[in-house]
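So that you can map any letter, position 153 of the sequence shown is 153 in the UniProt record's numbering, and since no number is skipped, the others follow by simple counting.
Don't be surprised by glycine CBs; every beta carbon is placed ideally from N, CA and C.
These figures come from a predicted structure and were not determined experimentally.
One structure below.
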Amino acid sequence: MILVTGATGNVGRRALETLLAQGREVRAASRAPERATWPAGVSTVALDLADPASLATALEGVEAVFLFAAPGCGPAFVAAAEAAGVRRVVLLSSGSVDDESEEQDGPIAAYHAEIERALRGSTLEWTFLRPDVFAANTLMWAGQTKGGDVVRGAYAEATAAPIHEADIAAVAVAALTEDGHAGEIHRLTGPQSLTHADQAVIIGEVLGRPVTYQELPAETVREAMSAHVPGPVLDDILKVWADSVGRPALVTADVEKITGRAPRSYRDWVSEHAAAF
Ligand SMILES: NC(=O)c1ccc[n+]([C@@H]2O[C@H](COP(=O)([O-])OP(=O)(O)OC[C@H]3O[C@@H](n4cnc5c(N)ncnc54)[C@H](OP(=O)(O)O)[C@@H]3O)[C@@H](O)[C@H]2O)c1
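Listed below in structure tokens is the structure:
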């Protein structure tokens, strides 16, 4: 049995669908499974990774887990997984984790590193997926593209190699179901470094109308986003954008090496999600 946590999320949903299509025995977890829509016939379980009491039932009879990195969940998850006889865990970590430094730079890297540390200290076979920026992050522009042709935001020249959630999920499925991934760290990116401005242009090309990116002062954006994103996380995001200006984003070969197919482009991702824009 494979337990998929984060199964209502961008990556977990894709991993769940792929595992089901392969005929695997899968259990899908959510904090509120009764509120989600599920693929036909899937077995579901209520699991809040912040509530250790919900772990034992979710992990019963489970051999492998796709783990969403809920902040602080590491020690209790490891204890429950070891007790339940789980063999393999594939963690959806983050490309922000830095193995070279003792202290992580910012809260996003820090909470992912803490969960990685708990897994490293366990008897479980672990694999860490460290993706960079998700293409899905640009859904935050959808309200603006629906209402006009200008995306307003910080740092027009901030770079990323946006990755399609399906490519992360494909790597997750490989690591969950194939041997050879234990103790491996997969650094996952999309195929091409693009600026925010480039991404807006691609959205426009897919929609068939010109879309441009208008840079606003970081302080203005901080104020606007602070209603939805906690302060320290927001500082982290703005710093990553600022630091990336003028530097092409890292592009790795890991998706292709593991799945046998080149990562989907940002244009592919926008085409699939065009209705949202
Ligand atoms: N966005 C990026 O650019 C980026 C970059 C690198 C790494 N990441 C990693 O990827 C994650 C986002 O993945 P995603 O986009 O697939 O997720 P998502 O679409 O943001 O959805 C979040 C998922 O996590 C589940 N979840 C949240 N808190 C939980 C808890 N306490 N216990 C159990 N489940 C919980 C939710 O399930 P329910 O609501 O159904 O319970 C939902 O399925 C980030 O959190 C980060 O760890 C993101």
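### Query
Going by DSSP, what residues sit across from G153 in a beta bridge?
The count along the sequence shown starts at 1 and reaches residue 153 at position 153. Checking the DSSP bridge columns, you'll see G153 partnered with E215.
#### Entry: Spatially closest choice to E60 from T177, A118, A29, P217, by CA coordinates
Along the sequence shown, read from residue 1 onward, the residue named residue 60 stands at position 60. Checking every option, the nearest Cα to that of E60 belongs to A29.
### Task
Tell me the start and end of each unbroken alpha helix (DSSP H) in the stretch 137–191 that is at least 4 residues and wholly inside, in chain order.
142–147, 165–177
### Task
Using 10 angstroms around the beta-carbon of L139, count the other beta-carbons present and answer buried if the total reaches 16, otherwise exposed.
Along the sequence shown, read from residue 1 onward, the residue named residue 139 stands at position 139. Looking at its Cβ environment, which holds fewer than 16 other Cβ atoms inside 10 Å, L139 is exposed.
### Task
State yes or no: is the C-beta of E178 nearer than 7 angstroms to some heavy atom of ligand 1?
Sequence index remark: in the sequence shown, residue 178 carries index 178 (1-based). Within 7 angstroms of the C-beta of E178 there is not a single heavy atom belonging to ligand 1.
### Query
So, are the CB atoms of L20 and I2 less than 8 angstroms apart?
Counted from its first residue, the sequence shown places residue 20 at position 20. Counted from its first residue, the sequence shown places residue 2 at position 2. The beta carbons of L20 and I2 sit no closer together than 8 angstroms.
### Task
Run through the stretch 60–130 for me and flag every whole beta strand (DSSP E) of 3 or more residues, listed as ranges in chain order.
The stretch 60–130 contains these whole beta strand (DSSP E) runs: 64–68, 88–92.
### Task
Please classify S30: does DSSP put it in a helix, a strand, or coil?
Your numbering for residue 30 matches position 30 in the sequence shown. Strand.
### Query
Three-state secondary structure (DSSP) at S265?
By one-based count along the sequence shown, residue 265 stands at place 265. Coil at S265, not helix or strand.
### Query
What is the DSSP secondary structure of A46, reduced to helix, strand or coil?
Mapped onto the sequence shown, residue 46 falls at position 46. In the structure shown, A46 sits in a strand (DSSP, three-state: E or B).
### Query
Of all the options L91, D132, L234, Y213, which has the alpha carbon lying nearest to the alpha carbon of P263?
For the purposes of this step, residue 263 is taken as residue 263 along the sequence shown, with counting starting at 1. Checking every option, the nearest Cα to that of P263 belongs to D132.
### Message
Quick check on DSSP: helix, strand or coil for T195?
### Response
For the purposes of this step, residue 195 is identified with residue 195 of the sequence shown, where counting begins at 1. Strand, per DSSP.
### Message
Please identify the residue among V251, D236, I258 whose C-alpha is closest to the C-alpha of Y111.
### Response
The residue labelled residue 111 in the question sits at position 111 within the sequence shown. Comparing Cα positions, the closest option is D236.
#### Entry: S43, buried or exposed, once every other Cβ within 10 Å from all chains shown has been counted against 16
Along the sequence shown, one-based indexing puts residue 43 at 43. The residue in question, S43, is exposed, as its Cβ has fewer than 16 Cβ neighbours within 10 Å.
### Task
Measure the C-alpha to C-alpha separation of V26 and L16 and round it to an integer number of angstroms.
The sequence position of residue 26 within the sequence shown is 26, counting from 1. The sequence position of residue 16 within the sequence shown is 16, counting from 1. Taking the CA atoms as reference points, V26 sits about 7 angstroms from L16.
### Alpha carbon of A32 to alpha carbon of H164, nearest angstrom
What you label residue 32 is simply residue 32 of the sequence shown in a count that begins at 1. What you label residue 164 is simply residue 164 of the sequence shown in a count that begins at 1. It is roughly 26 angstroms from the alpha-carbon of A32 to the alpha-carbon of H164.
### Task
Flag this pair as yes or no: are the beta carbons of W126 and V89 separated by less than 8 angstroms?
Here residue 126 refers to the residue found at position 126 when the sequence shown is read from its first residue. Here residue 89 refers to the residue found at position 89 when the sequence shown is read from its first residue. It is a contact, given that the beta carbons lie within the stated cut-off.
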